[in-house]
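Here the sequence shown is numbered in my numbering, starting from 3 and rising by one per residue.
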Amino acid sequence: MVEDKPIDFTTLLQMTTETIALAFKRTERILASHSKIGCSVSGGADSDIMLDMLYRLDKDKKVEYYYIDTGLEMQATKDHIEFLKKKYGIEIKTIKPKVPIPLAVKKYGVPFMSKDVSRFVGTMQNHNFGFGENEKVKTIRARMWWNNESGGMFNVDTKPFLKEYMIDNPPNYAISEKCCFYAKKQPAHEIEKNYDLVCIGLRKGEGGVRASKKSCFEECGKGADKHYPVFWFLEADKKAYCNYFGVTHSRAYTEYGFKRTGCAGCPFNSKFDKDLEVLRKHEPKLAKAAENIFGDSYEYSRGYKKFRFDMKHKNQMRLFESEGEK
Ligand code: SF4
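Take a look at the structure:
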């Protein structure tokens, strides 16, 4: 049951935080100016708060809720979606991608390290690059990355010793970033066509690509506008919100101890080994599935971490030795 609470600006200011009070005001205005509204529910903590806020503001029941099941979701997340349906008495439609993660990985390749690294390496592999020291990369952007000509973050050397590692250990499996496209982006893009506004539980404080966004609202000429109701929330706002409105999170947080949810064991997470340890304890079948799907990438990433550690150590020793000779 959802406890009814006053959500007027003054009460929210007194009982919660200014960020929350402003988010309610802004979201109310944005909902009022759109008629077909979709809300992407992920089962994560930020999404929980967003859903609660929309539910309280959506007096005309204009909002439709959906959840994209990528094909590698925790049981904890699936159970939480069921809990949310009952708690709010709403329908949350499950969207299944045409190409879920296991199939995308099988067809196109395994993600490795990050989206950009996977994209560049995948392109190089598709053009039969053998990772030889003096070999030329055939495509422009991948060549610029490999030769450190892109400037800023799109150079291979932003990942210490990665190039040396790949030359010494050419990957013997296909690498690709495409599972994100097929399992997440494509289905999201498809369903967003049904709406003139889509709400997403994205928070600037989460970092990554989100941090580069400037506003909680994006007007999109052709497609649905985007609104991120919890965009400006900090941890203290989240806590204040949950306390006041009685929002609870999935057991992935409360029992497993995850700080964030998402695709189980994704190799883009540099701490995937820790995640796997937790999954083995709480969701052993899923841990096994992740190992089957991403195993090549786990092994290759562990090899890189060891290589990087050894190289750093070697360089330090060389430095000490040359200091000693002075
Ligand atoms: S987050 Fe990772 S596992 Fe999930 S779709 Fe993207 S690359 Fe694949």
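We put the beta carbon where it would ideally sit given N, CA and C, even for glycine. For clarity, every value in this text was computed on a predicted model and none was experimentally measured.
Remark: the shortest separation between the CB of Ala185 and any heavy atom of the ligand SF4 falls under 6 Å.
Each of Tyr230, Arg304 and Glu20 was checked against the Cα of Asn171, and the nearest Cα belongs to Arg304.
No Cβ-Cβ contact shorter than 7 Å links Glu135 with Ile177.
When secondary structure is reduced to three states using DSSP, Thr72 falls in the coil class, being assigned neither helix nor strand. DSSP places Gly40 in the strand class (E or B) of the three-state scheme. Residue Ala190 holds the alpha-carbon nearest to the alpha-carbon of Ile202 among Gly326, Ala190, Asn174 and Lys165. Within its own chain, the residues whose Cβ lies closer than 7 Å to the Cβ of Asn271, once the five positions on either side in sequence are excluded, are Asp277, listed in chain order. A check of alpha carbon separations from Ala25 across Lys38, His36 and Asp10 identifies Asp10 as the nearest.
Distance from the CA of Gly248 to the CA of Gly124, rounded to the nearest whole angstrom, comes to 45 Å. Between Gly259 and Val280 the beta-carbon gap is near 7 Å, inside 8 Å, which marks them as a contact.
Look at Tyr258 here: in three-state DSSP terms it is coil, with no helix or strand label. By the 16-neighbour rule on beta-carbons within 10 angstroms, Leu236 is exposed. Counting the other Cβ atoms within 10 Å of the Cβ of Val107 gives 16 or more, which makes it buried.
Contact check for Thr96 against Tyr57 fails: the beta carbons are separated by 7 Å or more. Between Thr160 and Ser152, the alpha-carbon positions lie close to 11 Å from each other.
Taking 6 Å as the cut-off, the C-beta of Pro231 does not count as close to any heavy atom of the ligand SF4. In this structure, DSSP gives Tyr90 a helical state, which the three-state scheme calls helix. Of the residues assessed, Ile103 falls on the buried side of the cut-off, its CB having 16 or more other CB atoms within 10 angstroms. Residue pairing by DSSP places Ile202 opposite Ser42 in a beta bridge.
Three or more Cβ pairs closer than 8 Å define a contact, and the segment 66-83 meets that threshold against the segment 253-269. Between Tyr184 and Pro269 the beta-carbon gap is near 16 Å, outside 8 Å, which marks them as no contact. With respect to the C-alpha of Arg253, the residue from Ala226, Val200 and His284 having the closest C-alpha is His284. Contact annotation, Leu59 with Cys41: C-beta distance approximately 11 Å; criterion of less than 8 Å not satisfied.
When C-beta atoms of the segment 286-295 are compared with those of the segment 144-158, fewer than three pairs fall below 8 Å, so the two segments do not count as touching. Pairing Asp198 with Lys38 gives a Cβ-Cβ distance under 7 Å. For Asp62, the three-state secondary structure derived from DSSP is coil. Under the three-state reduction of DSSP, Thr96 is assigned to strand. Residue pairing by DSSP places Val112 opposite Ile177 in a beta bridge.
In summary, Glu194 is buried, with 16 or more beta-carbon neighbours lying within 10 Å of its beta-carbon over all protein chains present. One Cα belongs to Tyr246, the other to Glu66, and the distance between them is close to 24 Å. CA-CA distance, Asp239 to Thr19, rounds to 6 Å. Rounded to whole angstroms, the gap between the alpha carbons of Asn150 and Lys314 is 20 Å.
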